[in-house]
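*Asks:* Following this message is one structure expressed as structure tokens.
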Amino acid sequence: MSELTDFNDLASECGLEAVAEVIKAAVQTEPRPPERTFPDLPEVDDNQDGLGGTMTAAAPAHEWTEPILPGSAKTPDIPVYEVLAGWLGDYAHHVAKSTQTPGVMSVLCALGVLATVLQRRFEVAPKGGKSFRETLSLWCVSVSPPGTRKTAVLGAFLGPLVRWEKLLADRMRRDIAKNLTLRNTIQKRIEALTLRCGKADPAELEELRREIEQLQDELPDELRAPRLFTADVTPERLQVMLMEHGESMAVHSDEPGIFGIMGGRYSGGSANLDVFLQGHAGSPMRVDRAGRKAYADRPALSFNLMIQPAIMADVAKGNGFRGSGLLARFLYAMPESNVGRRDVREMHDIPDEVREDYQAGIEGLLHGLPGEPGAPGPATVLELTDTARELWFDFAQEVEHLQGAGGDLEGISDWTSKLPGTVARIAALLELAEWGLTAEWVSESAMARAIHLARLLIPHAQAAFGLLGADPVDDDAALVLRWLTGRGLEEASQRDIQRGLSWRFKNLDKLTAAIDKLRQTGCVMTYSKRNNRAKPTAMVQINPLLSS
1 MSELTDFNDL
11 ASECGLEAVA
21 EVIKAAVQTE
31 PRPPERTFPD
41 LPEVDDNQDG
51 LGGTMTAAAP
61 AHEWTEPILP
71 GSAKTPDIPV
81 YEVLAGWLGD
91 YAHHVAKSTQ
101 TPGVMSVLCA
111 LGVLATVLQR
121 RFEVAPKGGK
131 SFRETLSLWC
141 VSVSPPGTRK
151 TAVLGAFLGP
161 LVRWEKLLAD
171 RMRRDIAKNL
181 TLRNTIQKRI
191 EALTLRCGKA
201 DPAELEELRR
211 EIEQLQDELP
221 DELRAPRLFT
231 ADVTPERLQV
241 MLMEHGESMA
251 VHSDEPGIFG
261 IMGGRYSGGS
271 ANLDVFLQGH
281 AGSPMRVDRA
291 GRKAYADRPA
301 LSFNLMIQPA
311 IMADVAKGNG
321 FRGSGLLARF
331 LYAMPESNVG
341 RRDVREMHDI
351 PDEVREDYQA
361 GIEGLLHGLP
371 GEPGAPGPAT
381 VLELTDTARE
391 LWFDFAQEVE
401 HLQGAGGDLE
411 GISDWTSKLP
421 GTVARIAALL
431 ELAEWGLTAE
441 WVSESAMARA
451 IHLARLLIPH
461 AQAAFGLLGA
471 DPVDDDAALV
481 LRWLTGRGLE
491 EASQRDIQRG
501 LSWRFKNLDK
511 LTAAIDKLRQ
521 TGCVMTYSKR
531 NNRAKPTAMV
541 QINPLLSS
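First residue of the sequence shown: 1, per UniProt numbering; consecutive thereafter.
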């Protein structure tokens, strides 16, 4: 037998059966690898996507709770007629309706106007007696995004004040011109006599001095047209204006300038806040600086501002704003924006009789306001009726308990500590608006409405202080939520969200933090969607209550 080299030779010599036997023997002796086994995927929390969800083939059942939008608290609107009565309530109601704006904006604007015309002339003594009195100054600020018709609301309420200023300026124009001429004449005469003093002999010098002193005594005070309010003023100029206009001034503005001034725009980043704080409390103001003197025994300063949320964020960066107590003195309105939900076809004019009643009501409260400069008289003090005082005491005690350690209002205790005094101020303003300048007491009705307003404004203050101390993650979370709800989505993958907002979320960690914030506040639920032979997909499901 020749040497066999392959299976063909073997088959030729020995047959096919021999080939089969050789192959069988080779297969049996070759070691077989162990069979591979794969464990089942565990049904446990899958955190490898960073969302803390569970892995399922579809969205798991979930019991939803009321969501809390990131960076905000739920703020109620304020029905106008629950706070304002009579002619003022009618006008505020129609302003809100005609501009399609939240009622809270009109309520605060109305109170700001009342404070402007009544502060310094009236005070309120909530406890009775002389030891504790509140001025009627109010600081109001409405915070709303662009396009929410803040200017229209503010302008609607300022009309009577502008008209009063213009009317008195027109009446006084001739007297102001005469006063200016006389002052210029006397001042030039004094200057001429002063120049002669340098060359005069002792006898003549004494005569010149007597003549100069006589002219100085004859020099009349500068006559100015009265002012009720301004819009953009530095602390130094405000001190002078308080002195010039009966120790009373207000700032009404829909521009952010005044906050920039408070933040030190014109003073190297460190503004003098004393005049603002003194004007709220009615504390004596004394200024003796080179070229500037100002004296005011009971200065009264009110604010009626309408600004954008971004301005509040800038305010939060200011040094000393909250520490000084400045921000704790404001009443805040943080209404939900209705931009995108207004009816462009709706048209509602303020009825003529309502507009006329408002004009007449404000003019009635302006009656007796000094039209010429001079020292203001003593303020009329309003006390509370017995029932009104008990209401006030009960509310003040309730606030005291809630703002203590561990209380619901501890986080804004600097604001709530001033709330009872502010309530007394509001109640006095409401009483004067309803009964006029002859009001003698603050009634139970006025106090009840003031307390009701204060309760409704507490969530607004919480939202405002939340915005002042906002976490950047809140902004990211709000953006993600707007992206989801704006597209009408019920759920979306994390990958799709990152692609849609790639300009904001360059890395996954930042997006994960935003989604986690939404999950913590009940706005979304997260889970991992199992895919056949593919990596699980991180999914975000939206709380259906957000679209209901």
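All residues carry an ideal CB built from backbone N, CA and C; glycine is no exception.
1) DSSP three-state label for residue 580, please.
2) Could you please give the first and the last residue of the uninterrupted beta strand (DSSP E) stretch that includes P536?
3) Which runs of the beta strand (DSSP E) spanning at least 3 residues fall entirely within the stretch 348-426, listed in chain order?
4) Shorter than 7 Å from the beta carbon of M539 to some beta carbon of chain B?
5) Determine the direct distance from the alpha carbon of W483 to that of P544, and round the result to whole angstroms.
6) Are the CB atoms of R171 and D99 within a distance shorter than 7 Å?
7) Using 8 Å as the threshold, is the stretch 99-115 in touch with the stretch 148-165, meaning 3 or more CB pairs across them?
8) May I ask you to verify whether the stretch 345-355 touches the stretch 408-418, counting CB pairs closer than 8 Å and requiring at least 3?
9) Using a Cβ distance threshold of 8 Å, determine whether the stretch 491-507 contacts the stretch 455-474, with at least three qualifying pairs required.
10) Looking at the structure shown, is L118 part of a helix, part of a strand, or coil, going by DSSP?
11) Short check: CB of S324 to CB of L273, under 7 Å?
12) E222: buried (16+ other C-beta within 10 angstroms of its C-beta) or exposed?
13) Measuring CB to CB, does A333 end up less than 7 Å from L108?
14) Where does N184 fall in DSSP's three states?
15) With 16 as the cutoff for other CB atoms within 10 Å, does G89 come out buried or exposed?
16) So what does DSSP say about R224, is it helix, strand or coil?
17) Confirm, please, whether the CB-CB distance from S302 to S142 is below 7 Å.
18) Below 8 Å on the Cβ atoms is my contact criterion, and I expect G282 with T135 to pass it. Report the Cβ-Cβ distance as a whole number of Å.
19) Expressed to the nearest angstrom, what Euclidean distance is found between the alpha-carbon atoms of E490 and E123?
20) What does the alpha-carbon distance come out to for the pair I307 and D414?
21) Can you round the beta-carbon distance between T537 and S528 to whole angstroms, since I take them to be within the 8 Å contact cut?
22) Residues in its own chain within less than 7 Å of A92 by CB, not counting five upstream and five downstream?
23) Label S248 either buried or exposed according to how many other C-beta atoms from any shown protein chain fall within 10 Å of its C-beta, with 16 as the threshold for buried.
24) Find the nearest neighbour of R530 within the set S493, D509 and I515, judged by alpha-carbon distance.
25) Select from E400, E390, C140 and R224 the residue whose C-alpha is nearest the C-alpha of S443.
26) If you drop the 5 nearest sequence neighbours on each side, which residues of the same chain put their C-beta closer than 7 Å to that of P309?
27) Express the C-alpha separation of G198 and L114 in angstroms, rounding to a whole number.
28) In whole angstroms, what is the alpha-carbon distance linking L365 and V162?
29) Quick check: residue 564 and R329, are their CB atoms within less than 7 Å of each other?
30) Classify T438 as buried or exposed, calling it buried when 16 or more other Cβ atoms lie within 10 Å of its own Cβ.
31) Are T512 and R519 close, meaning C-beta to C-beta below 7 Å?
32) From which residue to which residue does the alpha helix (DSSP H) around S445 run?
33) Could you check what DSSP says for T148 in three-state terms: helix, strand or coil?
34) Please say whether L193 and E211 have beta carbons closer to each other than 7 Å?
35) Count the other CB atoms, across all protein chains shown, that sit within 10 Å of the CB of E353; report buried if there are 16 or more and exposed otherwise.
*Replies:* In short:
1) As shown, the chain starts at 1 and ends at 548. That puts residue 580 outside it, with no answer to give.
2) Taking the first residue of the sequence shown as position 1, residue 536 is located at position 536. It spans A534 to I542 - the beta strand (DSSP E) in which P536 sits, taken as one unbroken run.
3) 380-384
4) Absent here is chain B; the protein component of the structure consists of one chain.
5) Counting from 1 along the sequence shown, the entry for residue 544 is found at position 544. Counting from 1 along the sequence shown, the entry for residue 483 is found at position 483. Cα-Cα distance, rounded: 15 Å.
6) Residue mapping note: residue 99 aligns to position 99 of the sequence shown, counting from 1. Residue mapping note: residue 171 aligns to position 171 of the sequence shown, counting from 1. The displayed chain sequence assigns Thr, not Asp, to residue 99. No; because the gap between Cβ atoms is not below 7 Å, this pair is not in contact.
7) yes
8) no
9) no
10) Here the question's residue 118 lines up with position 118 in the sequence shown. Helix, per DSSP.
11) On the sequence shown, position 324 is the one that residue 324 refers to. On the sequence shown, position 273 is the one that residue 273 refers to. Going by C-beta atoms, S324 is nearer than 7 Å to L273.
12) Position 222 of the sequence shown, counted from the start, is the residue given in the question as residue 222. Exposed is the call here.
13) Numbered from its first residue, the sequence shown carries residue 333 at position 333. Numbered from its first residue, the sequence shown carries residue 108 at position 108. Yes. Within cutoff.
14) In the sequence shown, residue 184 corresponds to position 184, counting from 1. It is helical.
15) Locating residue 89 in the sequence shown gives position 89, where the first residue counts as 1. Burial call: buried.
16) As a position in the sequence shown, residue 224 is number 224, starting the count at 1. R224 falls in the coil class under three-state DSSP.
17) Within the sequence shown, numbered from 1, the residue matching residue 142 stands at position 142. Within the sequence shown, numbered from 1, the residue matching residue 302 stands at position 302. Going by C-beta atoms, S142 is not nearer than 7 Å to S302.
18) Taking the first residue of the sequence shown as position 1, residue 282 is located at position 282. Taking the first residue of the sequence shown as position 1, residue 135 is located at position 135. Contact holds; Cβ gap of about 4 Å.
19) Locating residue 490 in the sequence shown gives position 490, counting from the first residue. Locating residue 123 in the sequence shown gives position 123, counting from the first residue. Distance between the alpha carbons of E490 and E123: 56 Å.
20) As a first step, residue 307 must be located in the sequence shown, where it is residue number 307. As a first step, residue 414 must be located in the sequence shown, where it is residue number 414. Straight-line Cα distance between these residues: approximately 22 Å.
21) As a position in the sequence shown, residue 537 is number 537, starting the count at 1. As a position in the sequence shown, residue 528 is number 528, starting the count at 1. With a Cβ gap of about 7 Å, T537 and S528 count as contacting.
22) Indexing the sequence shown from 1 puts residue 92 at position 92. Within the same chain, A92 has close Cβ partners V80, L84, S106, V107 and A110.
23) In the sequence shown, counting from the first residue as 1, residue 248 sits at position 248. That one is buried.
24) As a position in the sequence shown, residue 530 is number 530, starting the count at 1. Nearest C-alpha to R530: S493.
25) Your numbering for residue 443 matches position 443 in the sequence shown. Comparing Cα positions, the closest option is E390.
26) Along the sequence shown, read from residue 1 onward, the residue named residue 309 stands at position 309. Answer for P309: V143, P145 and L467, listed in chain order.
27) Translated into positions along the sequence shown, residue 114 becomes position 114. Translated into positions along the sequence shown, residue 198 becomes position 198. Computed Cα separation, rounded: 55 Å.
28) Reading the sequence shown from its first residue, position 365 is the one you call residue 365. Reading the sequence shown from its first residue, position 162 is the one you call residue 162. Rounded to whole angstroms, L365 to V162 spans 14 Å at the Cα level.
29) In the structure as shown, the chain starts at 1 and stops at 548, and residue 564 therefore has no counterpart that could be examined.
30) The residue labelled residue 438 in the question sits at position 438 within the sequence shown. Classification of T438: exposed, given that the 10 Å Cβ count is below 16.
31) Taking the sequence shown and counting its residues from 1, one reaches residue 512 at position 512. Taking the sequence shown and counting its residues from 1, one reaches residue 519 at position 519. Cβ distance not < 7 Å, so T512 and R519 don't count as in contact.
32) Locating residue 445 in the sequence shown gives position 445, counting from the first residue. Its alpha helix (DSSP H) spans residues E444 to L468.
33) By one-based count along the sequence shown, residue 148 stands at place 148. Reduced to three states, the DSSP call for T148 is coil.
34) In the sequence shown, the residue the question calls residue 211 occupies position 211. In the sequence shown, the residue the question calls residue 193 occupies position 193. Yes, they are a contact pair.
35) One-based indexing of the sequence shown puts residue 353 at position 353. So E353 counts as exposed.
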